[in-house]
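Per full-length UniProt numbering: the sequence shown ends with 485, consecutive numbering throughout. Quick reminder that beta carbons are idealized off the backbone N, C-alpha and C, glycines included.
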Amino acid sequence: MPAFAAVDLGATSGRVTRGEIVDGRFVLNEVHRFAHEPLDAGAGGLLWQWDEIVNQVKIGLKKAMDLGPLDSAGIDSWAVDYGFLTSDDHLIGSVHCYRDSRTDGVLESVTAHVGRERIYSTTGIQFLFFNTIYQLVSAIGTPEYVSAAKFLLLPDLLNNHLVGSSTLEITNASTTQLLDATSRQWDFDLIEELNLRTDIFPELHEAGEVLGKIAGHGSIDGLPIVAVASHDTASAVAGIPLRIDGKSAYISSGTWSLIGVEMDSPITTPLALAENVTNELGFGGTVRLLKNVTGFWLLEECRRNWRLNGREFSPEKLIELANEIEIGKYLIDPDDPRFAAPGEMPQRIASFCKEKNLSVPETPGEYARCIYDSLALAYARTIRKISLVSGNQIETIHVVGGGSANDLLNQLTADATGCEVLAGPVEATVMGNLAVQAIAVGAVSDLVQARELIGRSVTLKRFEPVTRIDWESMQNRLKLNNRVS
1 MPAFAAVDLG ATSGRVTRGE IVDGRFVLNE VHRFAHEPLD AGAGGLLWQW
51 DEIVNQVKIG LKKAMDLGPL DSAGIDSWAV DYGFLTSDDH LIGSVHCYRD
101 SRTDGVLESV TAHVGRERIY STTGIQFLFF NTIYQLVSAI GTPEYVSAAK
151 FLLLPDLLNN HLVGSSTLEI TNASTTQLLD ATSRQWDFDL IEELNLRTDI
201 FPELHEAGEV LGKIAGHGSI DGLPIVAVAS HDTASAVAGI PLRIDGKSAY
251 ISSGTWSLIG VEMDSPITTP LALAENVTNE LGFGGTVRLL KNVTGFWLLE
301 ECRRNWRLNG REFSPEKLIE LANEIEIGKY LIDPDDPRFA APGEMPQRIA
351 SFCKEKNLSV PETPGEYARC IYDSLALAYA RTIRKISLVS GNQIETIHVV
401 GGGSANDLLN QLTADATGCE VLAGPVEATV MGNLAVQAIA VGAVSDLVQA
451 RELIGRSVTL KRFEPVTRID WESMQNRLKL NNRVS
């Protein structure tokens, strides 16, 4: 039976999953999981512990191979972060975390220099301070930048380490805000306008290509590596049993919530620019029209803060506590810039509420209620924007990823949006990763068949709008109080 290993790296943890096709279904076995977080190196910046991540991936691949032969493995991760390499493929310096402060003010200076319209007209990518474009501009003149032969985003940085490949997969490349979304090539005119070196930009490859076999790493040598849709959201969307009917949207729910629709071509209209929606490339020539919304990062950081102060709360306990709190009493804007950096999240939430003349949460249950209600409101705002830009009348929302197991937020999302919510698969990213590998080796014919296989592999949970809470008044209250500041 066909068998594969999916390496899925998130911003707080990584895992390796063995997936087999058995009786027309994917059967998953998570063989390795590890936590990780960036290291604050002071003046050196906020850095990923890259060597340890690489080591953990190799441990996971070994565990997957120990259970039987594998046809291939594939790697996906979060977007925008990268490493510089020498001409003989040695990593130069460290790998910075996208939350590092080195990009402070860079978005503003870049857009003042070349104009938001100029950047958006070709790239179609939303303006986020941590995009690769601003990271690279902030690196100009540093020893690492000056001595680099090329840069690679993280999945391909790892592929380079394993098989020696030196090209960059296109779904992830599109997140840099330096790729022409229509031609699917680097926008070298923009790159030159920004005074970036054109020679460090690698050649591109499509998802579904076999990059080579692992060599020089002992017991995992010989394992073929397939280029999957290496941006984890691209893999997640490939892993959704999505109805392509113009009425379905998705929320990839994790540390971030990525909310959008699948399209045939990018939309770079003035309205799309005004709403700051993004056109990231997907598998098989598709485009993911979406927006980033802060997700479970807020709750993860609250839990970390409480843990440091000797109080441990499981996600299940926080849901239980939140259910005891009045809906809509505590509200924040999850995308307020103050929430972007790690540390002291409860204090930042309280500060936001005080500044905006909103009720201030005090207990863990109140903080959890605040976050869940605020996320549901943000989802509703974003679905309206995506519907407006795309022209699609959204009736069904597929929620996938770890957040899809949160019944409270799923019900709130249905209530706030007025849409049917279908929750699952939790492992959409892994399934999308496996699906592209299966297509690459000929075990599955195309994405349509792969999604049918995924649909048979999971049971979706349905949520219909039921509560009669006045969500619009909650939105208006948040907007009104936001204007006070």
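Within its chain, find whatever has a CB closer than 6 Å to the CB of residue i; leave out the 5 residues flanking it on each side and keep chain order.
i, result
"residue 302", "345, 346, 367"
"residue 252", "233, 236, 258, 400, 401"
For residue i, which of the options has the nearest alpha-carbon?
i, options, result
"residue 486", "142, 99, 40, 17", "The requested residue 486 is not part of the displayed model; the chain covers only 1 to 485."
"residue 139", "434, 194, 157", "194"
"residue 354", "332, 340, 150, 373", "332"
"residue 386", "115, 263, 52, 321", "263"
"residue 447", "198, 201, 20, 237", "237"
"residue 36", "26, 30, 25, 52", "52"
"residue 270", "420, 388, 430", "388"
"residue 461", "431, 406, 313, 114", "406"
"residue 201", "41, 191, 207", "191"
"residue 134", "33, 78, 96", "96"
"residue 227", "311, 42, 246, 435", "435"
"residue 29", "44, 341, 39, 68", "68"
"residue 246", "395, 161, 156", "395"
"residue 414", "305, 343, 249", "249"
"residue 137", "443, 25, 196, 285", "196"
"residue 358", "275, 477, 73", "477"
"residue 127", "147, 141, 106", "106"
"residue 161", "40, 113, 91", "91"
"residue 456", "239, 114, 38", "239"
"residue 142", "304, 44, 339", "44"
Exposed or buried, which one is residue i when buried takes at least 16 other CB atoms within 10 Å?
i, result
"residue 483", "A caution first: residue 483 carries a pLDDT of 40, below 50, which makes its placement in the model unreliable, though a value can still be read off. The residue is exposed, with fewer than 16 neighbouring Cβ atoms inside 10 Å."
"residue 100", "buried"
"residue 292", "buried"
"residue 495", "The requested residue 495 does not occur in the structure, where the chain is confined to residues 1 to 485."
"residue 109", "exposed"
"residue 167", "buried"
"residue 33", "exposed"
"residue 487", "For residue 487 there is no data in the structure shown, the boundaries of the chain being 1 and 485."
"residue 27", "exposed"
"residue 348", "buried"
"residue 169", "buried"
"residue 175", "buried"
"residue 325", "buried"
"residue 113", "exposed"
"residue 41", "exposed"
"residue 185", "exposed"
"residue 356", "buried"
"residue 479", "exposed"
"residue 314", "exposed"
By Cβ distance below 7 Å, which residues in the same chain neighbour residue i in space, the five residues on each side in sequence not counted?
i, result
"residue 121", "268"
"residue 64", "5, 16, 18, 31, 70"
"residue 220", "58, 61, 62, 65, 214"
"residue 266", "124, 181, 182, 279, 287"
"residue 328", "373, 469, 474"
"residue 409", "372, 375, 376, 403"
"residue 177", "119, 123, 125, 131, 132, 133"
"residue 466", "415"
"residue 148", "84, 85, 92, 200"
"residue 217", "58, 162"
"residue 352", "332, 336, 338"
To which residues of the same chain is residue i closer than 8 Å at the C-beta, ignoring the five residues directly before and after it?
i, result
"residue 163", "211, 212, 213, 214, 215, 225"
"residue 57", "7, 9, 14, 16, 75, 158"
"residue 188", "198, 201"
"residue 485", "Its pLDDT being 30, under 50, residue 485 is placed unreliably in this model, and the value from its coordinates should be taken loosely. Answer for residue 485: 355, 356, listed in chain order."
Just to confirm, is the Cβ distance from residue i to residue j under 8 Å?
i, j, result
"residue 432", "residue 173", "no"
"residue 370", "residue 361", "yes"
"residue 281", "residue 181", "yes"
"residue 445", "residue 289", "no"
"residue 426", "residue 404", "yes"
"residue 380", "residue 322", "no"
"residue 318", "residue 299", "yes"
"residue 207", "residue 283", "yes"
"residue 21", "residue 438", "yes"
"residue 98", "residue 152", "no"
"residue 261", "residue 392", "yes"
"residue 79", "residue 205", "no"
"residue 294", "residue 334", "yes"
"residue 458", "residue 424", "yes"
"residue 94", "residue 47", "yes"
"residue 420", "residue 464", "yes"
"residue 440", "residue 165", "no"
"residue 24", "residue 453", "yes"
"residue 255", "residue 11", "yes"
"residue 2", "residue 443", "yes"
Next item on the list: Count the CB pairs spanning the segment 80-98 and the segment 110-119 that are closer than 8 Å, and state whether there are at least three.
Entry: no
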